[in-house]
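Q:
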Amino acid sequence: MKLLIKGGRVIDPASGKDKKGNVYIEDGKVKSHPADTKKIEGEKGAQVIDARGKIVAPGLIDIHVHLREPGFEHKETIRTGCESAAAGGFTSIVCMPNTNPINDNASVTEYIMLKARTEGIVNVFPIGAITKGEKGETLAQIGEMYEAGCVGISDDGMPVMNSKVMRHAMEYVKAFGIPVLTHAEDKNLSGHGVMNEGDTSTLLGLGGIPSASEDVMVSRDITLAELTGTHLHICHVSTAGSVRLIRAAKKRGVNVTAEAAPHHFTLTDRAVAEYDTNAKMNPPLRREEDRLALIEGLKDGTIDVIATDHAPHSEDEKKVEFDLAPFGIVGLETSLPLSLKLVEDGILTLPGMIEKMTSIPSRILNLGRGTLEAGAPADVVIFDADAPVKIDRTKFRSKSKNTPFNGWDLKGRVLYTIVGGKVVYSA
Ligand code: DOR
1 MKLLIKGGRV
11 IDPASGKDKK
21 GNVYIEDGKV
31 KSHPADTKKI
41 EGEKGAQVID
51 ARGKIVAPGL
61 IDIHVHLREP
71 GFEHKETIRT
81 GCESAAAGGF
91 TSIVCMPNTN
101 PINDNASVTE
111 YIMLKARTEG
121 IVNVFPIGAI
131 TKGEKGETLA
141 QIGEMYEAGC
151 VGISDDGMPV
161 MNSKVMRHAM
171 EYVKAFGIPV
181 LTHAEDKNLS
191 GHGVMNEGDT
201 STLLGLGGIP
211 SASEDVMVSR
221 DITLAELTGT
231 HLHICHVSTA
241 GSVRLIRAAK
251 KRGVNVTAEA
261 APHHFTLTDR
271 AVAEYDTNAK
281 MNPPLRREED
291 RLALIEGLKD
301 GTIDVIATDH
311 APHSEDEKKV
321 EFDLAPFGIV
331 GLETSLPLSL
341 KLVEDGILTL
351 PGMIEKMTSI
361 PSRILNLGRG
371 TLEAGAPADV
381 VIFDADAPVK
391 IDRTKFRSKS
401 KNTPFNGWDL
411 KGRVLYTIVG
421 GKVVYSA
């Protein structure tokens, strides 16, 4: 299989290259890109994609996705989650363990890997649970899950409340060189809260989740990462306090990285005003001060990665009273245009944004992807950064449509998604 992507602006932050020209792909690998001067003979007879005026970048990588299979196939399956990813320009996704059964042992990991190989159209990397059943009590079979293909451990959605258990997990996982990904939340402080604690929750009469419930756990987990030396990755950062804590920890040399989700850097808790359950997620949408702190963190590198926390839920589950609806929104098909807004607003450069969605997430989880260097797997996205798009949830490839961005006018259209040299999505 030969593929020639012609004449695009090729941006490869991993190698610092940003140049107009061709990318040539053969046998699932990048053979050459515009910075290579040598002429490649094999280009003759290749399938050609005209990318003039378009951006050619490493396929996007999302390190925070809920695929729901096994157990919740009415929300999403590995197949539909992969199709949604491809439509959003993602070539690799990392899936969280809160399935049913929970991915806390090698047989579940193997099931996910097998399904992904046979039915998935993008690369799928599983995260194993930290504790058995995500109950926060005893460690899961971390070594076996690592052997079976898990690239990190997390009890996402269910924070490990017992600090001693978290310490043991951090100490144990060091042997495998994979990170602990933390959903930082003090469940006792959150109580029965369903949105950010503040003026809006008071006005709406809804239970609040204080920022402190995230901040205290970020602080604890940083302290434990400092104690153990383990790589800690903090998921879906939502508060100004967390950004401050992570910035200070990085300055001290703590082995910590962090991600922010497009909904947190785009919206505030005002989006809940109409009791829209599609604006309900955990951590919740916060205040404008928090949103601005995230933007500052993205800008200065405190926040390393943009990740979606793609959390599909069915229409029936979401169409209930706000208090009863599950937390979470889909994100794979809105992430690129929402992130491009950061570029339009002068917050990130285009290569800077691409880096946070390709080479940095790859490095954090050691995925060996996220670059267009010769010899790399031919995972590529081609997009038009200026093309207007209207978010239309009825067109989502995801099985679930729970987005607060329906009807939004944005820019950034994915034209092709290529995995291992094969076109898996074309607009
Ligand atoms: O909003 C969320 N949804 N936050 C989480 O931590 C879990 C996720 C889910 O699984 O639905």
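According to our numbering, the sequence shown is numbered sequentially starting from 1.
From the three backbone atoms N, C-alpha and C, an ideal C-beta is built for every residue, glycine too.
Reducing DSSP to helix, strand and coil, say where HIS64 ends up.
A: In this structure, DSSP gives HIS64 an extended state, which the three-state scheme calls strand.
Q: With DSSP as the reference, label SER32 as helix, strand or coil.
A: strand
Q: If I measure Cβ to Cβ from SER314 and keep anything under 7 Å in the same chain, skipping five residues before and after, which residues do I get?
A: HIS74, LYS75, SER400
Q: Per DSSP, which residues does THR257 bridge with? Please list them.
A: HIS233
Q: Should ALA106 and GLU144 be called a contact, given that it needs their Cβ atoms to be closer than 9 Å?
A: In this structure, GLU144 lies closer than 9 Å to ALA106 by Cβ.
Q: Indicate whether at least one CB of chain D lies closer than 9 Å to the CB of ASN98.
A: Considering every chain present, this structure includes no chain D. It has just one protein chain.
Q: Assign VAL320 to buried or exposed, taking buried as 16 or more other Cβ atoms, counted over all protein chains shown, within 10 Å of its Cβ.
A: Taking a 10 Å sphere around the C-beta of VAL320, we find fewer than 16 other C-beta atoms and assign the residue as exposed.
Q: If contact is defined by three or more beta carbon pairs under 8 Å, each pair taking one atom from either stretch, is the stretch 172-188 in contact with the stretch 230-239?
A: yes
Q: At 4 residues or longer, what runs of the alpha helix (DSSP H) sit wholly inside the stretch 128-201?
A: You should have 142-148, 163-173, 187-190.
Q: Bridge partners for GLY59 per DSSP, in chain order?
A: In DSSP, GLY59 forms no bridge with anything.
Q: Between PRO326 and the ligand DOR, is there a pair consisting of the residue's CB and a ligand heavy atom that are separated by less than 8 Å?
A: Short note on PRO326: C-beta closer than 8 Å to some heavy atom of the ligand DOR.
Q: Return the first residue and the last residue of the beta strand (DSSP E) that THR417 is part of.
A: 409-419
Q: Could you compute how far the alpha carbon of THR239 sits from the alpha carbon of MET1?
A: 47 Å
Q: What does VAL94 pair with, by DSSP beta-bridge criteria?
A: Looking at the DSSP output, VAL94 shares a beta bridge with PHE125.
Q: With distances taken between CB atoms, is the gap from LYS54 to PHE405 smaller than 9 Å?
A: no
Q: Could you check whether the stretch 48-64 touches the stretch 105-120, counting it as contact only if at least three pairs of C-beta atoms, one from each stretch, sit closer than 8 Å?
A: no
Q: With 16 other CB atoms within 10 Å as the buried threshold, where does LYS19 fall?
A: Counting every other CB atom within 10 Å of its CB across the protein chains shown gives LYS19 a total below 16, marking it as exposed.
Q: In three-state terms, what does DSSP make of ALA106?
A: helix
Q: Is it a yes or a no for the stretch 217-226 touching the stretch 159-176, going by three-plus beta-carbon pairs under 8 Å?
A: yes
Q: Excluding the 5 residues flanking PRO101 on each side, which residues of the same chain have their C-beta closer than 8 Å to its C-beta?
A: PRO70, GLY71, VAL108
Q: List the whole-angstrom C-beta distance separating GLY81 from VAL65, where the pair is believed to meet the contact cut-off of C-beta under 8 Å.
A: 7 Å
Q: Can you find a heavy atom of the ligand DOR that lies under 8 Å from the Cβ of ASN196?
A: no
Q: Please list the terminal residues of the continuous alpha helix (DSSP H) segment that includes ALA51.
A: No residue range can be given for ALA51, since it is assigned to no alpha helix (DSSP H) and is classified by DSSP as neither H nor E.
Q: Do the stretch 264-272 and the stretch 248-256 touch if we need at least three Cβ pairs shorter than 8 Å?
A: Contact fails: fewer than three Cβ-Cβ distances are below 8 Å.
Q: Short of 6 Å in beta carbon distance, which residues of its chain neighbour ASP186, apart from the five on each side in sequence? Order them along the chain.
A: Excluding residues within five positions, the ones whose Cβ falls inside 6 Å are SER213, VAL216, MET217.
Q: For GLU147 and ILE121, which I take to be in contact (beta-carbon distance under 8 Å), what is that distance rounded to the nearest angstrom?
A: Not confirmed; about 26 Å, so no contact.
Q: Given this structure, state the Cα-to-Cα distance separating ILE295 from VAL243, to the nearest angstrom.
A: 10 Å
Q: ILE364 and THR257 look like a contact to me (Cβ under 8 Å); what is the Cβ gap, rounded to whole Å?
A: 5 Å
Q: Can you tell me where the alpha helix (DSSP H) holding HIS286 begins and where it ends?
A: Reading the sequence as shown, one finds Arg at residue 286 and not His. Premise fails: ARG286 is in no alpha helix (DSSP H) and is neither H nor E.
Q: Taking contact to mean at least 3 C-beta pairs separated by less than 8 Å, is the stretch 54-63 in contact with the stretch 351-369?
A: Output reads yes: the stretch 351-369 touches the stretch 54-63.
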